[in-house]
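Enquirer: I am attaching a structure below and will ask some questions about it afterwards.
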Amino acid sequence: MDYEKLINVIIKKNSCNLDRVYHKLCELEDLDEKSYDEISQYFFSQTCYYYNSTTNLYIEYNENYKIINENNMLHAILKFISKYQDIYLLNSNQKQNIKTQIQKKIKERSIYNNIPESITLQNILSFLHPNIFIERNIAKYFMITLGDIILKKTDLFYFIPNYMKPLITVINKYVSMYFYNMNLGNHYKYKYAEHDSTKSRVIPFNIIDMTHYTLDNSFIVNLICVSIHYSNRYENGDKFIETTNEKVKTLVNWIKDTPKESLINSFIKEYICVKEGHKINEKDMLFLWKSYIKKNNIINIFSRNNDIYQFITNKLKFNEGYINVTSMYLPYVLNFKEFWNKYIFTDENNYEINELFILFTDTYNIKNIDENIMYDLIKYYFPDIQIEGKFILNVGCTLWNKKKDVNTFLLNHKDSDKNELYSIYCSESKEKKVNKQYFMSFIK
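The sequence shown begins at 1221 in our numbering and counts up one residue at a time.
Written as C-alpha coordinates, this is what we have:
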(Lines of atoms letter the chains of each structure in order from A and count residues from 1; the text may use other names and numbers.)
(Lines give C-alpha, C1' and ligand atoms only; values in the text may rest on other atoms or scores of the structure.)
Protein backbone atom coordinates (compact mmCIF):
# COMPACT_ATOMS: atom_id res chain seq x y z
CA MET A 1 0.00 0.00 0.00
CA ASP A 2 1.33 3.47 -0.99
CA TYR A 3 0.87 5.24 2.32
CA GLU A 4 2.53 8.47 1.18
CA LYS A 5 0.04 8.87 -1.68
CA LEU A 6 -2.86 7.95 0.60
CA ILE A 7 -1.81 10.53 3.18
CA ASN A 8 -1.68 13.25 0.52
CA VAL A 9 -5.21 12.33 -0.60
CA ILE A 10 -6.52 12.50 2.98
CA ILE A 11 -4.97 15.92 3.57
CA LYS A 12 -6.26 17.26 0.27
CA LYS A 13 -9.84 16.08 0.89
CA ASN A 14 -9.90 17.29 4.48
CA SER A 15 -7.76 20.40 4.31
CA CYS A 16 -10.42 22.44 6.07
CA ASN A 17 -10.83 19.98 8.92
CA LEU A 18 -7.52 19.33 10.66
CA ASP A 19 -9.16 17.17 13.36
CA ARG A 20 -10.54 14.88 10.71
CA VAL A 21 -7.11 14.69 9.07
CA TYR A 22 -5.56 13.79 12.43
CA HIS A 23 -8.10 11.02 13.10
CA LYS A 24 -7.69 9.58 9.62
CA LEU A 25 -3.94 9.50 10.07
CA CYS A 26 -4.34 7.78 13.45
CA GLU A 27 -6.58 5.17 11.84
CA LEU A 28 -3.92 4.65 9.22
CA GLU A 29 -1.24 4.25 11.89
CA ASP A 30 -3.42 1.77 13.79
CA LEU A 31 -3.91 -0.21 10.60
CA ASP A 32 -0.15 -0.20 10.09
CA GLU A 33 0.54 -1.46 13.63
CA LYS A 34 -2.20 -4.06 13.33
CA SER A 35 -0.57 -5.40 10.18
CA TYR A 36 2.80 -5.52 11.94
CA ASP A 37 1.33 -7.38 14.90
CA GLU A 38 -0.53 -9.89 12.74
CA ILE A 39 2.54 -10.80 10.70
CA SER A 40 4.63 -10.98 13.87
CA GLN A 41 2.07 -13.29 15.48
CA TYR A 42 2.04 -15.49 12.38
CA PHE A 43 5.83 -15.69 12.55
CA PHE A 44 5.98 -16.83 16.17
CA SER A 45 3.07 -19.23 15.77
CA GLN A 46 4.84 -21.02 12.91
CA THR A 47 8.48 -20.81 13.99
CA CYS A 48 10.57 -20.93 17.16
CA TYR A 49 13.79 -19.01 17.68
CA TYR A 50 15.94 -18.20 20.72
CA TYR A 51 18.77 -15.77 21.26
CA ASN A 52 22.06 -16.16 23.09
CA SER A 53 23.24 -12.73 24.22
CA THR A 54 26.67 -13.99 25.31
CA THR A 55 27.67 -14.97 21.76
CA ASN A 56 25.15 -12.95 19.70
CA LEU A 57 23.99 -16.18 18.08
CA TYR A 58 20.46 -17.32 17.33
CA ILE A 59 19.04 -20.78 17.82
CA GLU A 60 16.37 -22.16 15.52
CA TYR A 61 14.21 -24.85 17.12
CA ASN A 62 12.05 -27.38 15.30
CA GLU A 63 12.33 -30.54 17.42
CA ASN A 64 16.09 -29.99 17.10
CA TYR A 65 18.18 -26.97 18.06
CA LYS A 66 20.25 -25.37 15.31
CA ILE A 67 22.76 -22.55 15.84
CA ILE A 68 22.55 -19.76 13.24
CA ASN A 69 24.22 -16.36 12.92
CA GLU A 70 22.49 -12.98 12.66
CA ASN A 71 22.60 -12.83 8.86
CA ASN A 72 20.84 -16.17 8.56
CA MET A 73 18.33 -15.09 11.17
CA LEU A 74 17.47 -11.87 9.32
CA HIS A 75 17.22 -13.73 6.04
CA ALA A 76 14.73 -16.16 7.61
CA ILE A 77 12.62 -13.28 8.94
CA LEU A 78 12.54 -11.42 5.61
CA LYS A 79 11.74 -14.59 3.73
CA PHE A 80 8.77 -15.15 6.03
CA ILE A 81 7.55 -11.55 5.72
CA SER A 82 7.74 -11.76 1.93
CA LYS A 83 4.97 -14.35 1.96
CA TYR A 84 2.61 -11.63 3.23
CA GLN A 85 3.93 -8.75 1.12
CA ASP A 86 1.11 -8.85 -1.44
CA ILE A 87 -1.63 -9.56 1.09
CA TYR A 88 -0.76 -6.49 3.18
CA LEU A 89 0.62 -4.41 0.30
CA LEU A 90 3.91 -3.92 2.16
CA ASN A 91 6.61 -1.58 0.93
CA SER A 92 10.32 -1.92 1.73
CA ASN A 93 10.23 0.35 4.77
CA GLN A 94 7.34 -1.56 6.28
CA LYS A 95 9.10 -4.89 5.72
CA GLN A 96 12.15 -3.51 7.51
CA ASN A 97 10.01 -2.27 10.40
CA ILE A 98 8.34 -5.67 10.80
CA LYS A 99 11.73 -7.38 10.58
CA THR A 100 13.08 -5.12 13.34
CA GLN A 101 10.04 -5.79 15.51
CA ILE A 102 10.35 -9.57 15.11
CA GLN A 103 14.11 -9.52 15.74
CA LYS A 104 13.57 -7.50 18.90
CA LYS A 105 11.08 -10.07 20.19
CA ILE A 106 13.45 -12.93 19.38
CA LYS A 107 16.18 -11.24 21.41
CA GLU A 108 13.81 -11.30 24.37
CA ARG A 109 13.58 -15.12 24.06
CA SER A 110 16.75 -16.28 25.83
CA ILE A 111 18.11 -19.74 25.07
CA TYR A 112 18.73 -19.98 28.80
CA ASN A 113 14.95 -20.17 29.24
CA ASN A 114 14.21 -22.54 26.36
CA ILE A 115 11.42 -25.13 26.58
CA PRO A 116 11.83 -28.14 24.27
CA GLU A 117 9.08 -30.42 23.00
CA SER A 118 8.71 -33.84 24.61
CA ILE A 119 9.98 -35.56 21.44
CA THR A 120 13.33 -33.75 21.84
CA LEU A 121 13.59 -34.79 25.49
CA GLN A 122 12.76 -38.41 24.67
CA ASN A 123 15.24 -38.58 21.79
CA ILE A 124 18.10 -37.41 24.02
CA LEU A 125 17.13 -39.59 26.97
CA SER A 126 16.61 -42.65 24.77
CA PHE A 127 20.17 -42.37 23.52
CA LEU A 128 21.77 -41.70 26.90
CA HIS A 129 19.93 -44.62 28.52
CA PRO A 130 20.71 -47.45 28.17
CA ASN A 131 23.75 -46.70 25.97
CA ILE A 132 25.75 -44.58 28.40
CA PHE A 133 23.94 -44.50 31.75
CA ILE A 134 22.78 -47.38 33.94
CA GLU A 135 19.46 -45.70 34.77
CA ARG A 136 17.23 -43.15 33.08
CA ASN A 137 17.17 -40.91 36.16
CA ILE A 138 20.97 -40.87 36.25
CA ALA A 139 21.01 -39.76 32.60
CA LYS A 140 18.62 -36.98 33.54
CA TYR A 141 20.74 -36.12 36.59
CA PHE A 142 23.84 -35.79 34.39
CA MET A 143 22.02 -33.31 32.16
CA ILE A 144 20.82 -31.31 35.16
CA THR A 145 24.39 -31.07 36.47
CA LEU A 146 25.54 -29.88 33.04
CA GLY A 147 22.79 -27.26 33.03
CA ASP A 148 23.69 -26.22 36.58
CA ILE A 149 27.31 -25.69 35.51
CA ILE A 150 26.39 -23.71 32.39
CA LEU A 151 23.97 -21.54 34.37
CA LYS A 152 26.64 -21.06 37.09
CA LYS A 153 24.35 -22.46 39.78
CA THR A 154 26.70 -24.99 41.38
CA ASP A 155 30.02 -25.28 43.19
CA LEU A 156 29.87 -29.09 43.42
CA PHE A 157 32.28 -31.71 42.07
CA TYR A 158 30.90 -34.55 39.97
CA PHE A 159 33.08 -37.66 39.83
CA ILE A 160 32.90 -39.64 36.62
CA PRO A 161 34.99 -42.46 35.07
CA ASN A 162 38.10 -41.53 33.13
CA TYR A 163 36.77 -43.23 30.01
CA MET A 164 34.04 -40.55 29.81
CA LYS A 165 36.63 -37.81 29.28
CA PRO A 166 36.11 -37.77 25.46
CA LEU A 167 32.40 -37.00 25.96
CA ILE A 168 33.07 -34.15 28.41
CA THR A 169 35.76 -32.76 26.09
CA VAL A 170 33.34 -32.64 23.14
CA ILE A 171 30.59 -31.02 25.23
CA ASN A 172 33.08 -28.46 26.57
CA LYS A 173 34.09 -27.58 23.00
CA TYR A 174 30.51 -26.83 21.96
CA VAL A 175 29.61 -24.94 25.14
CA SER A 176 32.67 -22.71 24.67
CA MET A 177 31.94 -22.25 20.96
CA TYR A 178 28.23 -21.43 21.15
CA PHE A 179 27.59 -20.22 24.71
CA TYR A 180 30.62 -18.93 26.59
CA ASN A 181 34.19 -19.98 27.26
CA MET A 182 34.36 -22.34 30.21
CA ASN A 183 36.11 -25.41 31.61
CA LEU A 184 33.79 -28.25 32.58
CA GLY A 185 36.84 -29.86 34.19
CA ASN A 186 36.40 -27.48 37.11
CA HIS A 187 33.36 -29.54 38.08
CA TYR A 188 33.61 -32.95 36.36
CA LYS A 189 36.45 -34.87 38.02
CA TYR A 190 38.05 -38.18 37.10
CA LYS A 191 40.04 -38.73 40.27
CA TYR A 192 39.38 -37.94 43.91
CA ALA A 193 42.08 -35.73 45.41
CA GLU A 194 40.97 -34.66 48.88
CA HIS A 195 38.00 -32.75 47.50
CA ASP A 196 35.43 -31.53 50.00
CA SER A 197 33.32 -34.66 50.50
CA THR A 198 30.22 -32.58 51.28
CA LYS A 199 30.49 -31.08 47.79
CA SER A 200 31.28 -34.36 46.04
CA ARG A 201 28.77 -36.32 43.96
CA VAL A 202 29.14 -39.46 41.83
CA ILE A 203 27.65 -39.95 38.37
CA PRO A 204 27.72 -43.67 37.48
CA PHE A 205 28.18 -44.62 33.82
CA ASN A 206 28.09 -47.88 31.92
CA ILE A 207 31.53 -49.26 31.13
CA ILE A 208 31.89 -48.25 27.49
CA ASP A 209 34.45 -47.00 25.00
CA MET A 210 33.29 -43.54 23.89
CA THR A 211 35.61 -43.65 20.88
CA HIS A 212 33.08 -46.04 19.31
CA TYR A 213 30.41 -43.32 19.35
CA THR A 214 30.25 -40.49 16.82
CA LEU A 215 28.20 -37.65 18.29
CA ASP A 216 27.38 -35.01 15.71
CA ASN A 217 26.89 -31.27 16.12
CA SER A 218 23.11 -31.57 16.30
CA PHE A 219 23.16 -34.10 19.15
CA ILE A 220 25.56 -32.09 21.30
CA VAL A 221 23.65 -28.82 20.79
CA ASN A 222 20.39 -30.62 21.65
CA LEU A 223 22.03 -32.12 24.74
CA ILE A 224 23.24 -28.72 25.95
CA CYS A 225 19.91 -26.97 25.40
CA VAL A 226 17.93 -29.79 27.04
CA SER A 227 20.36 -29.74 29.97
CA ILE A 228 19.72 -26.02 30.48
CA HIS A 229 15.98 -26.69 30.38
CA TYR A 230 16.23 -29.52 32.92
CA SER A 231 18.33 -27.37 35.27
CA ASN A 232 15.61 -24.70 35.21
CA ARG A 233 12.82 -27.23 35.54
CA TYR A 234 14.26 -29.13 38.52
CA GLU A 235 16.11 -26.15 40.09
CA ASN A 236 19.35 -28.12 40.60
CA GLY A 237 20.82 -31.61 40.70
CA ASP A 238 20.49 -32.15 44.44
CA LYS A 239 16.81 -31.18 44.41
CA PHE A 240 16.19 -33.68 41.60
CA ILE A 241 18.06 -36.52 43.34
CA GLU A 242 15.79 -36.16 46.36
CA THR A 243 12.86 -37.19 44.13
CA THR A 244 14.53 -40.43 42.93
CA ASN A 245 14.66 -43.91 44.44
CA GLU A 246 17.05 -44.97 47.20
CA LYS A 247 19.38 -46.80 44.82
CA VAL A 248 20.05 -43.65 42.78
CA LYS A 249 20.41 -41.52 45.91
CA THR A 250 22.97 -43.96 47.33
CA LEU A 251 25.01 -44.05 44.12
CA VAL A 252 25.12 -40.27 43.67
CA ASN A 253 25.79 -39.42 47.32
CA TRP A 254 28.29 -42.24 47.86
CA ILE A 255 31.35 -40.06 48.58
CA LYS A 256 29.39 -37.68 50.78
CA ASP A 257 27.86 -40.51 52.80
CA THR A 258 30.82 -42.94 53.00
CA PRO A 259 33.42 -42.43 55.77
CA LYS A 260 36.91 -43.68 54.93
CA GLU A 261 36.93 -46.00 57.92
CA SER A 262 33.71 -47.61 56.73
CA LEU A 263 35.24 -48.26 53.31
CA ILE A 264 38.33 -49.88 54.85
CA ASN A 265 36.09 -52.09 56.99
CA SER A 266 34.23 -53.25 53.88
CA PHE A 267 37.51 -53.99 52.11
CA ILE A 268 38.86 -56.07 55.00
CA LYS A 269 35.58 -57.95 55.34
CA GLU A 270 35.51 -58.85 51.63
CA TYR A 271 39.21 -59.38 50.86
CA ILE A 272 41.08 -60.28 54.06
CA CYS A 273 40.82 -63.31 56.34
CA VAL A 274 42.65 -64.29 59.54
CA LYS A 275 45.25 -67.04 59.20
CA GLU A 276 47.99 -67.62 61.78
CA GLY A 277 51.55 -67.52 60.50
CA HIS A 278 50.70 -65.78 57.22
CA LYS A 279 51.68 -62.28 56.16
CA ILE A 280 50.72 -59.78 53.45
CA ASN A 281 53.34 -57.19 52.52
CA GLU A 282 52.37 -53.57 51.83
CA LYS A 283 52.77 -53.80 48.04
CA ASP A 284 50.49 -56.83 47.81
CA MET A 285 47.98 -55.25 50.19
CA LEU A 286 47.83 -52.17 47.97
CA PHE A 287 47.19 -54.34 44.92
CA LEU A 288 44.36 -56.09 46.77
CA TRP A 289 42.94 -52.67 47.64
CA LYS A 290 43.07 -51.55 44.01
CA SER A 291 41.42 -54.81 42.95
CA TYR A 292 38.65 -54.26 45.49
CA ILE A 293 38.04 -50.73 44.19
CA LYS A 294 37.91 -51.92 40.59
CA LYS A 295 35.77 -54.98 41.26
CA ASN A 296 33.15 -52.94 43.12
CA ASN A 297 33.36 -50.05 40.64
CA ILE A 298 33.80 -47.44 43.35
CA ILE A 299 35.97 -44.35 43.68
CA ASN A 300 39.21 -44.48 45.62
CA ILE A 301 38.63 -41.73 48.19
CA PHE A 302 42.22 -42.01 49.45
CA SER A 303 44.62 -39.63 47.70
CA ARG A 304 47.79 -41.06 49.27
CA ASN A 305 48.84 -44.68 49.65
CA ASN A 306 50.21 -43.94 53.12
CA ASP A 307 46.70 -43.01 54.24
CA ILE A 308 45.43 -46.40 53.08
CA TYR A 309 48.23 -48.18 54.93
CA GLN A 310 47.52 -46.17 58.09
CA PHE A 311 43.80 -46.96 58.09
CA ILE A 312 44.48 -50.68 57.50
CA THR A 313 47.18 -50.70 60.20
CA ASN A 314 44.58 -49.39 62.64
CA LYS A 315 42.59 -52.57 61.94
CA LEU A 316 45.29 -55.22 61.41
CA LYS A 317 48.53 -56.05 63.23
CA PHE A 318 51.60 -54.79 61.40
CA ASN A 319 55.22 -55.89 61.71
CA GLU A 320 57.09 -55.37 58.42
CA GLY A 321 53.85 -56.47 56.81
CA TYR A 322 50.33 -57.32 57.92
CA ILE A 323 50.66 -60.42 60.07
CA ASN A 324 48.39 -63.42 60.67
CA VAL A 325 46.19 -62.55 57.69
CA THR A 326 45.84 -63.69 54.08
CA SER A 327 43.43 -63.26 51.19
CA MET A 328 41.60 -65.63 48.89
CA TYR A 329 42.78 -63.32 46.09
CA LEU A 330 46.44 -63.51 47.09
CA PRO A 331 47.49 -66.93 45.70
CA TYR A 332 47.12 -65.93 42.06
CA VAL A 333 49.05 -62.71 42.82
CA LEU A 334 51.96 -64.72 44.22
CA ASN A 335 51.67 -67.22 41.35
CA PHE A 336 51.77 -64.41 38.81
CA LYS A 337 54.89 -62.82 40.27
CA GLU A 338 56.60 -66.22 40.23
CA PHE A 339 55.42 -66.86 36.66
CA TRP A 340 56.76 -63.55 35.39
CA ASN A 341 60.10 -63.76 37.16
CA LYS A 342 60.60 -67.41 36.18
CA TYR A 343 59.40 -67.56 32.56
CA ILE A 344 59.39 -64.04 31.09
CA PHE A 345 62.51 -62.32 29.77
CA THR A 346 63.43 -59.27 27.69
CA ASP A 347 63.34 -60.01 23.98
CA GLU A 348 62.44 -58.48 20.61
CA ASN A 349 59.34 -60.64 20.44
CA ASN A 350 55.74 -59.58 21.21
CA TYR A 351 52.92 -61.53 22.84
CA GLU A 352 49.21 -60.94 23.05
CA ILE A 353 47.94 -60.60 26.61
CA ASN A 354 45.63 -63.52 25.90
CA GLU A 355 48.58 -65.72 24.92
CA LEU A 356 50.45 -65.07 28.18
CA PHE A 357 47.20 -65.33 30.13
CA ILE A 358 46.62 -68.86 28.83
CA LEU A 359 50.22 -69.83 29.56
CA PHE A 360 49.92 -68.48 33.11
CA THR A 361 46.55 -70.01 33.99
CA ASP A 362 47.45 -73.38 32.43
CA THR A 363 50.79 -73.51 34.25
CA TYR A 364 49.25 -72.79 37.67
CA ASN A 365 45.82 -74.31 37.02
CA ILE A 366 44.07 -71.02 37.87
CA LYS A 367 40.37 -70.74 37.02
CA ASN A 368 39.01 -67.67 38.80
CA ILE A 369 40.65 -64.72 36.99
CA ASP A 370 40.34 -63.11 33.57
CA GLU A 371 42.61 -61.21 31.17
CA ASN A 372 41.75 -57.86 32.77
CA ILE A 373 43.27 -59.03 36.06
CA MET A 374 46.35 -60.21 34.18
CA TYR A 375 46.63 -56.73 32.64
CA ASP A 376 46.32 -55.10 36.09
CA LEU A 377 48.97 -57.42 37.53
CA ILE A 378 51.45 -56.52 34.80
CA LYS A 379 50.79 -52.77 35.10
CA TYR A 380 51.11 -52.83 38.89
CA TYR A 381 54.04 -55.19 39.52
CA PHE A 382 55.98 -54.59 36.30
CA PRO A 383 55.22 -50.97 35.31
CA ASP A 384 58.17 -50.75 32.89
CA ILE A 385 56.65 -53.33 30.57
CA GLN A 386 55.29 -51.76 27.37
CA ILE A 387 51.69 -52.57 26.49
CA GLU A 388 50.04 -51.36 23.30
CA GLY A 389 46.41 -52.38 22.98
CA LYS A 390 46.32 -56.16 23.35
CA PHE A 391 50.07 -56.61 22.78
CA ILE A 392 52.88 -56.90 25.33
CA LEU A 393 56.03 -55.64 23.65
CA ASN A 394 59.68 -56.72 23.84
CA VAL A 395 59.25 -59.88 25.89
CA GLY A 396 59.90 -63.57 25.41
CA CYS A 397 58.55 -66.60 27.26
CA THR A 398 60.44 -69.82 27.90
CA LEU A 399 57.14 -71.73 27.93
CA TRP A 400 56.48 -70.93 24.28
CA ASN A 401 58.96 -69.71 21.70
CA LYS A 402 56.53 -68.36 19.11
CA LYS A 403 59.22 -67.34 16.68
CA LYS A 404 60.84 -70.77 16.71
CA ASP A 405 57.48 -72.50 16.22
CA VAL A 406 56.65 -70.48 13.11
CA ASN A 407 60.14 -70.78 11.61
CA THR A 408 60.14 -74.55 12.13
CA PHE A 409 56.75 -74.87 10.48
CA LEU A 410 57.78 -72.78 7.47
CA LEU A 411 60.98 -74.76 7.08
CA ASN A 412 58.92 -77.96 6.87
CA HIS A 413 56.46 -76.44 4.37
CA LYS A 414 58.74 -74.63 1.95
CA ASP A 415 56.88 -75.93 -1.09
CA SER A 416 53.35 -75.17 0.13
CA ASP A 417 51.12 -72.50 -1.40
CA LYS A 418 51.72 -69.24 0.50
CA ASN A 419 48.00 -68.48 0.48
CA GLU A 420 47.26 -71.76 2.24
CA LEU A 421 50.12 -71.75 4.73
CA TYR A 422 48.25 -70.25 7.68
CA SER A 423 45.32 -72.66 7.25
CA ILE A 424 47.74 -75.59 7.19
CA TYR A 425 49.51 -74.20 10.26
CA CYS A 426 46.22 -73.94 12.19
CA SER A 427 45.21 -77.49 11.29
CA GLU A 428 48.56 -78.94 12.35
CA SER A 429 49.08 -76.88 15.52
CA LYS A 430 46.86 -78.55 18.08
CA GLU A 431 47.67 -76.40 21.12
CA LYS A 432 49.29 -73.00 20.84
CA LYS A 433 48.69 -70.96 17.69
CA VAL A 434 49.96 -67.51 16.76
CA ASN A 435 47.53 -65.10 15.12
CA LYS A 436 47.51 -64.62 11.35
CA GLN A 437 49.11 -61.18 11.43
CA TYR A 438 52.09 -62.48 13.42
CA PHE A 439 52.37 -65.56 11.20
CA MET A 440 52.29 -63.60 7.93
CA SER A 441 55.09 -61.32 9.13
CA PHE A 442 57.45 -64.31 8.67
CA ILE A 443 56.45 -64.92 5.04
CA LYS A 444 58.53 -63.06 2.49
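All C-beta atoms, glycine included, are put in the ideal place defined by N, C-alpha and C.
Flag this pair as touching only if the region 1553-1569 and the region 1611-1619 have three or more C-beta atom pairs under 8 Å; answer yes or no.
Expert: As far as the Cβ criterion goes, the region 1553-1569 touches the region 1611-1619, which means the pair count is three or higher.
Enquirer: DSSP three-state label for H1633, please.
Expert: Of the three classes helix, strand and coil, the one that applies to H1633 here is coil, per DSSP.
Enquirer: Have a look at F1460 and L1597 and give me their C-alpha separation to the nearest angstrom.
Expert: About 41 Å.
Enquirer: Tell me, which residues are paired with N1351 by DSSP?
Expert: In the DSSP output, where bridge partners are listed per residue, N1351 has none listed.
Enquirer: Ignore the nearest five residues each way along the sequence and tell me which others in Y1450's own chain have a CB closer than 6 Å to its CB.
Expert: Only M1363, I1364, G1367 meet the Cβ criterion.
Enquirer: How many angstroms separate the CA atom of F1522 from the CA atom of D1416?
Expert: Their backbone Cα atoms lie some 12 Å apart in a straight line.
Enquirer: What are the partner residues of E1608, as DSSP defines its beta bridges?
Expert: According to DSSP, E1608 bridges with F1611.
Enquirer: Given 8 Å as the limit, is there contact between the region 1522-1538 and the region 1553-1563, that is, 3 or more CB pairs closer than that?
Expert: The region 1522-1538 is not in contact with the region 1553-1563.
Enquirer: So G1367 is in the alpha helix (DSSP H); what residue range does that whole segment cover?
Expert: Looking at the DSSP string, the run of the alpha helix (DSSP H) that includes G1367 is 1356-1370.
Enquirer: What's the gap between the Cα of I1475 and the Cα of S1420?
Expert: Approximately 6 Å, taken between the alpha carbons.
Enquirer: Are the beta-carbon atoms of F1538 and W1509 separated by less than 8 Å?
Expert: It is not a contact, given that the beta carbons lie outside the stated cut-off.
Enquirer: Would F1611 pass as a contact of E1591 if the rule is Cβ separation under 8 Å?
Expert: Contact flag unset, no.
Enquirer: Taking DSSP as the reference, what is the three-state secondary structure of P1521?
Expert: The sequence given here places Ile at residue 1521; Pro does not occur at that position. Residue state, collapsed to three classes: coil.
Enquirer: Pick from R1356, C1445, D1257, D1477: whose alpha carbon is nearest that of P1424?
Expert: Checked all of R1356, C1445, D1257, D1477; the closest Cα to P1424 is R1356.
Enquirer: My output table needs one value for L1277: the three-state DSSP class, helix, strand or coil.
Expert: Of the three classes helix, strand and coil, the one that applies to L1277 here is strand, per DSSP.
Enquirer: At what residues does the alpha helix (DSSP H) containing V1553 begin and finish?
Expert: Taken as a continuous stretch (DSSP letters only), the alpha helix (DSSP H) holding V1553 covers 1550-1563.
Enquirer: Got a sec? Which residues, its chain only, sit under 6 Å from Y1584 by beta carbon, not counting five neighbours each side?
Expert: Closer than 6 Å at Cβ, skipping near neighbours: N1555.
Enquirer: Report back the beta-carbon spacing between K1269 and R1329 to the nearest angstrom; my notes put them in contact at under 8 Å.
Expert: For the sequence presented, residue 1269 should be read as Tyr rather than Lys. Yes, they are in contact, since the Cβ atoms of Y1269 and R1329 sit about 7 Å apart, within 8 Å.
Enquirer: With a threshold of 8 Å on Cβ separation, who are the neighbours of T1581 within its own chain once the five nearest residues in sequence on each side are excluded?
Expert: Around T1581: K1587, I1589.
Enquirer: Might you give, ordered along the chain, the residues of its own chain that have their beta carbon closer than 8 Å to the beta carbon of K1535, omitting 5 neighbours on each side?
Expert: Around K1535: I1484, N1485, I1488.
Enquirer: Take I1335 and list the residues in its own chain whose beta-carbon comes closer than 8 Å to its own, dropping the five residues that flank it on each side.
Expert: Cβ neighbours of I1335 beyond the five flanking positions: H1449.
Enquirer: Exposed or buried, L1199, counting other C-beta atoms within 10 Å across all chains shown (16 or more means buried)?
Expert: The structure shown has nothing for residue 1199, since the chain only spans 1221 to 1664.
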